[in-house]
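J.:
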Amino acid sequence: MSSNENARQKVFGTLLASALLRWETLVTIMVTAILFLFVQDVNLPMLEWQPWFWLVLGGLAESVLIAATLNDPEATEQALAEDFEREYDLRNIRNRVSRERLRDAFEYRRNMLKLADRSKGAMRNRLRTLVSDVSDWITYMYNLAERIDLSESNDLVLRDRQQVPRKIESVKARIKKEPDEHARRSLQVQLTHLQQQHMSLEATFSSIKRAEIQLESTLSALGTVYAQMSLLGTKETDSAKGQRLSIEVKDEIDKLQDTIDAMDEVQMQSLRLSSEVKDEIDRLVNESYEEDEQLLSQQQ
């Protein structure tokens, strides 16, 4: 299946609605209705005219109009652009900086579409393919912005980042003063848990900073690609430049994917650490309980 067929299938509903709302459709309906209501007699050889023939002819005319719209590359590109921006609604991104980065990225993409529409022949097809790659690029940017939002919106994590260092110092001080061996062991487990929690929190915030830097870097690269696109002509050397731009775009997509994977890995490590610490605490609590049981048995 060709890329154009894939594009038409993706936005079939949008294209169909666009065809039905065109002024030509309104004119077709009006003319068909007038002919059906007021033109009853049509003299044709070998055919007895029926008024409902006008409805058939009007339906055929509208079918041709719809088919032309569905197979129009420019209409497809326009519908894809509108559908793409509706799918990635910037109002869903809470981080102001991320939202601004994405807004600029969408603006670059719209201008790239205009450049592609002004081009002709093979270069036009190449630029449309490049814009399609840029759409994937912006999708990864949007996914990264969502992960930044998810990390920043966790009030519990923000609170723990402030409180955990103080708790660590407090537990260390208690360990030094605690004379009871069992109590010290419990405090040591608590300290281990807090230290691992602190490491996990710092890793989370470090991944957020890297993601923000990656978004900014990606937007700069997108601006560079747009500037290079605007200089392309129709010469063979420009065609080679267009191919290099496609490679650059795919490289940037890979970088975004790596950043997203790194953030996901930090979250998974945090969950694993929490599970390991919980298991360790349960083990020590059980050991302490068994020791207390033994002491009680010996005393009896």
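Numbering-wise, the working numbering comes out as the position in the sequence shown, counting from 1, plus 3.
Idealized CB from N, CA, C, for every residue including glycine.
#1: Which first and last residues belong to the alpha helix (DSSP H) in which K212 is found?
#2: Is L153 helix, strand or coil when you go by DSSP?
#3: Taking DSSP's pairing of strands, which residues face N146 in a bridge?
#4: Give the range of the alpha helix (DSSP H) segment to which Q165 is assigned.
#5: Who are L38's beta bridge partners in DSSP?
#6: Which one or two residues does DSSP pair with N46 in a beta bridge?
#7: Any idea what DSSP makes of D139, helix, strand or coil?
#8: State the DSSP-derived secondary structure class of K253, mapped to helix, strand or coil.
#9: Using 8 Å as the threshold, is the segment 19-27 in touch with the segment 68-76, meaning 3 or more CB pairs across them?
#10: If S249 and D86 are in contact, beta carbons under 8 Å, what's the gap, nearest whole angstrom?
#11: With a threshold of 16 other CB atoms inside 10 Å of the CB of R99, please say whether the residue is buried or exposed.
#12: Kindly indicate which three-state DSSP category D264 falls into: helix, strand or coil?
#13: How do the segment 144-158 and the segment 99-110 stand: do at least 3 beta-carbon pairs fall below 8 Å, yes or no?
#14: Tell me whether H185 is buried or exposed, calling it buried when 16 or more other Cβ atoms sit within 10 Å of its Cβ.
#15: In three-state DSSP terms, what is K123?
#16: Is it buried or exposed for S233, if we count other Cβ within 10 angstroms and need 16 for buried?
#17: Give a yes or no on whether the C-beta atoms belonging to R97 and S156 are separated by under 8 Å.
#18: Measuring alpha carbon to alpha carbon, tell me which residue in M126, D75 and A64 is nearest F15.
#19: Measure the beta-carbon distance from I171 to Q198 and round it to whole angstroms, keeping in mind my assumption that it falls under 8 Å.
#20: Under 8 Å by Cβ, that's how I've got V252 and L204 pegged, so tell me the actual separation to the nearest angstrom.
#21: State buried or exposed for E110, treating a residue as buried only when at least 16 other CB atoms are found within 10 Å of its CB.
#22: Considering only residues of the same chain and omitting the five flanking positions on each side of E65, which have a CB-CB separation below 8 Å?
#23: Would you report the Cα separation of R177 and L190, rounded to the nearest angstrom?
#24: Relative to the C-alpha of F56, which candidate in T35, M49 and P48 has its C-alpha closest?
#25: Leaving aside the five residues before and after S210 along the sequence, list all residues of the same chain whose C-beta is less than 7 Å from its C-beta, in chain order.
#26: Please state if the CB of L259 and the CB of T221 are separated by a distance shorter than 8 Å.
#27: Assuming L24 is part of the alpha helix (DSSP H), what are its boundary residues?
#28: Compare the beta carbon distance of L194 and V167 with 8 Å and say whether it is the shorter of the two.
#29: Consult DSSP for I32 and reduce its assignment to one of helix, strand or coil.
#30: Exposed or buried, which one is L225 when buried takes at least 16 other CB atoms within 10 Å?
T.: Let me lay it out:
#1: For the purposes of this step, residue 212 is identified with residue 209 of the sequence shown, where counting begins at 1. Counting along the chain, the alpha helix (DSSP H) containing K212 begins and ends at E184 to S233.
#2: Looking up residue 153 in the sequence shown gives position 150. Of the three classes helix, strand and coil, the one that applies to L153 here is helix, per DSSP.
#3: Translated into the one-based positions of the sequence shown, residue 146 becomes position 143. Answer by DSSP bridge pairing: none, since N146 is not bridged.
#4: The residue given as residue 165 occupies position 162 in the sequence shown. D158 to K180 is the span of the alpha helix (DSSP H), which, as asked, contains Q165.
#5: Position 35 of the sequence shown holds residue 38. According to DSSP, L38 bridges with nothing at all.
#6: Here residue 46 refers to the residue found at position 43 of the sequence shown. DSSP, once it has assigned bridges, lists E51 as partnering N46.
#7: Sequence index remark: in the sequence shown, residue 139 carries index 136 (1-based). Helix at D139.
#8: In the sequence shown, residue 253 corresponds to position 250, counting from 1. Correct three-state label for K253: helix.
#9: yes
#10: On the sequence shown, residue 249 is found 246 positions in, with the first residue counted as 1. On the sequence shown, residue 86 is found 83 positions in, with the first residue counted as 1. The pair is not a contact, with the Cβ atoms about 22 Å apart (cut-off 8 Å).
#11: For this step, residue 99 is matched to residue 96 along the sequence shown. Exposed.
#12: Position 261 of the sequence shown, counted from the first residue, corresponds to residue 264. Helix, per DSSP.
#13: yes
#14: Position 182 of the sequence shown holds residue 185. It is exposed - the Cβ of H185 has fewer than 16 other Cβ atoms within 10 Å.
#15: In the sequence shown, the residue the question calls residue 123 occupies position 120. In this structure, K123 counts as coil in the three-state DSSP scheme.
#16: As a working mapping, residue 233 is identified with position 230 in the sequence shown. With fewer than 16 Cβ atoms within 10 Å of its Cβ, S233 is classed as exposed.
#17: Position 94 of the sequence shown holds residue 97. Position 153 of the sequence shown holds residue 156. Yes. Within cutoff.
#18: For the purposes of this step, residue 15 is taken as residue 12 along the sequence shown, with counting starting at 1. It is D75 whose Cα lies nearest to the Cα of F15.
#19: Here residue 171 is taken as the residue at index 168 of the sequence shown, counted from 1. Here residue 198 is taken as the residue at index 195 of the sequence shown, counted from 1. At roughly 6 Å, the Cβ-Cβ gap stays under 8 Å, so I171 and Q198 are in contact.
#20: Walking along the sequence shown from the start, residue 252 turns up at place 249. Walking along the sequence shown from the start, residue 204 turns up at place 201. Not a contact, Cβ separation roughly 35 Å.
#21: Taking the sequence shown and counting its residues from 1, one reaches residue 110 at position 107. That one is exposed.
#22: Numbered from 1 along the sequence shown, position 62 holds the residue referred to as residue 65. Correct list, in chain order: T28, T31 and I32.
#23: Here residue 177 refers to the residue found at position 174 when the sequence shown is read from its first residue. Here residue 190 refers to the residue found at position 187 when the sequence shown is read from its first residue. So the alpha carbons of these two residues sit roughly 8 Å apart.
#24: For the purposes of this step, residue 56 is identified with residue 53 of the sequence shown, where counting begins at 1. Closest option to F56, Cα to Cα, is T35.
#25: For the purposes of this step, residue 210 is taken as the residue at position 207 of the sequence shown. The residues are A265, M266 and V269.
#26: As a first step, residue 221 is located in the sequence shown; it is residue number 218 there, counting from the start. As a first step, residue 259 is located in the sequence shown; it is residue number 256 there, counting from the start. In this structure, L259 lies closer than 8 Å to T221 by Cβ.
#27: Here residue 24 refers to the residue found at position 21 when the sequence shown is read from its first residue. Premise fails: L24 is in no alpha helix (DSSP H) and is neither H nor E.
#28: Counting from 1 along the sequence shown, the entry for residue 194 is found at position 191. Counting from 1 along the sequence shown, the entry for residue 167 is found at position 164. The answer is no: Cβ separation not under 8 Å.
#29: Within the sequence shown, the letter at position 29 stands for residue 32. In the structure shown, I32 sits in a helix (DSSP, three-state: H, G or I).
#30: Working through the sequence shown from its first residue, we reach residue 225 at position 222. It is buried - the Cβ of L225 has at least 16 other Cβ atoms within 10 Å.
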